[in-house]
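Below is one structure, written out as structure tokens; comments come after it.
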Ligand code: SF4
Ligand code: SF4
Ligand code: SF4
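Residue numbers (the numbering used here): 1 to 434.
Given below as structure tokens:
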């Protein structure tokens, strides 16, 4: 990674980052109606009769996608893995590990035609997708079944030349690689059983093969940041260059022990509820500024104590008490066919908040072994759950920690019943998934 010869940012086969900003002009007719272009409407899941929510914010009006159009699908190929990372919640599990049956996967693929707004399918979950013996066939099957982009999140250890070639020929669109360190020392310590050099060489090998085969492949880096590896972020640019990544997603660690909670770097951010928009908290708008020895301290103080802060009209504080999975029209299919609304509710697990243990019980809306995905997705229960989470009228357990309801995700003091989302770290933008 330190060798400049290894840096190859102009790889022909690498897919450029997809544009994140699109501007279209629409005309208002004499009745005050506007008609959106068909591809934009499809992107929003705007089928006939659908409700799209308009949000007026910061001098603009945003159109939010239809909550009830399935746009993102996560499939967990297996809950097995060849590593034992320090950061892995699987270390607390009692449940047996397993892999998705091929017949179940085929059934799921056959049902994808009922979801015309599906944009991306992520092969990921709690486990290593490349550990599934049919992973290459899975990618191939998905690419034949749908026009959605197909992505994988991997620990990169099993990505040898044979695997890389298979995935590229199957049509994989994006590879996310978990790099919880940019140095051998911290990476090998956190990702127990993995070797930094080997993973780096595997990803570089796949990148070069993509170029040689002229297969477009986008590469993303997923990074779980903690006290022990925060300094590694200083070298992230070198890692980006070394693997040819166009995206980096940084998450806090999901604390499944008290020690992991101490490793979190967001405890102040968590307790600091966003006051943006509340009376008495005026908005401060910063211009573009150099970050240097003169400005860094005042900027740090503003960032630390002020939530209603904008940088060139963009809010700096992350939206909290809002669920990205629900807003993006996402669903998760677990390896055994059970369907959950999000990563947080895919498996029973334990987290820690303010030193208190919190038992998270998984929540399923259906089972693909008995129902179709369409039946599950369009069921009244799933519809109502999406609406409820969108409203997010749950108790603010993430800043309270004041009663025994916090020990489980089954009830809260606003009278909500299982599953309650008020203490969810994904909803606080503390944990992020690719
Ligand atoms: S690679 Fe992922 S699934 Fe495997 S042990 Fe590490 S965090 Fe867990
Ligand atoms: S249920 Fe209410 S009182 Fe209990 S921890 Fe959550 S917000 Fe606090
Ligand atoms: S808020 Fe959390 S628990 Fe609730 S649906 Fe979203 S990710 Fe799942």
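The C-beta atom is built at its ideal place from N, Cα and C for all residues, glycine as well.
Keep in mind it's a predicted model, so treat the numbers as computed, not measured.
Cβ-based burial, residue i [other Cβ within 10 Å; buried from 16]
| i | result |
| --- | --- |
| residue 229 | buried |
| residue 153 | buried |
| residue 182 | buried |
| residue 231 | exposed |
| residue 21 | exposed |
| residue 3 | Confidence in residue 3 is poor, its pLDDT being 43 and thus under 50, which makes the residue's placement too unreliable to answer from. |
| residue 338 | buried |
| residue 198 | exposed |
| residue 223 | buried |
| residue 440 | The question about residue 440 has no answer here: the residues shown for the chain are numbered 1 through 434. |
| residue 133 | exposed |
| residue 403 | exposed |
| residue 31 | exposed |
Any non-hydrogen atom of ligand 4 within 7 Å of residue i CB
| i | result |
| --- | --- |
| residue 320 | Ligands present in the displayed structure are limited to ligand 1, ligand 2 and ligand 3, and ligand 4 is not among them. |
Simplified DSSP assignment, three categories, for residue i
| i | result |
| --- | --- |
| residue 427 | coil |
| residue 114 | helix |
| residue 384 | helix |
| residue 208 | helix |
| residue 407 | helix |
| residue 182 | coil |
| residue 33 | coil |
| residue 197 | helix |
| residue 239 | helix |
| residue 412 | coil |
| residue 191 | coil |
First and last residue of the uninterrupted beta strand (DSSP E) at residue i
| i | result |
| --- | --- |
| residue 174 | 174-178 |
| residue 24 | Run containing residue 24: none; DSSP gives neither H nor E here. |
| residue 257 | It is not in any beta strand (DSSP E) - residue 257 carries neither H nor E in the DSSP assignment. |
| residue 218 | 218-225 |
| residue 284 | 284-286 |
beta-carbon residue i near ligand 2 non-hydrogen atom, thresh 7 Å
| i | result |
| --- | --- |
| residue 421 | no |
| residue 395 | yes |
| residue 412 | yes |
| residue 405 | yes |
Residue i: CB within 7 Å of a non-hydrogen atom of ligand 3
| i | result |
| --- | --- |
| residue 342 | yes |
| residue 424 | yes |
| residue 427 | yes |
Delimiting residues of the alpha helix (DSSP H) encompassing residue i
| i | result |
| --- | --- |
| residue 166 | 161-170 |
| residue 149 | Residue 149 -> not in any alpha helix (DSSP H); beta strand (DSSP E) instead, spanning 149-154. |
| residue 268 | 267-271 |
| residue 137 | 135-145 |
| residue 443 | Outside the displayed range of the chain (1 to 434) lies residue 443, so it cannot be described from this structure. |
Near ligand 1: residue i beta-carbon under 7 Å from a heavy atom
| i | result |
| --- | --- |
| residue 488 | What is shown of the chain runs 1 to 434, which leaves residue 488 out entirely. |
| residue 84 | yes |
With a floor of 3 residues, list each beta strand (DSSP E) that falls wholly inside the stretch 296-360, ordered by position along the chain.
309-311, 330-333, 338-340, 349-353 and 356-360
Which residue spans inside the stretch 37-124 form an unbroken beta strand (DSSP E) run of at least 3?
53-57, 60-64, 72-75 and 120-123
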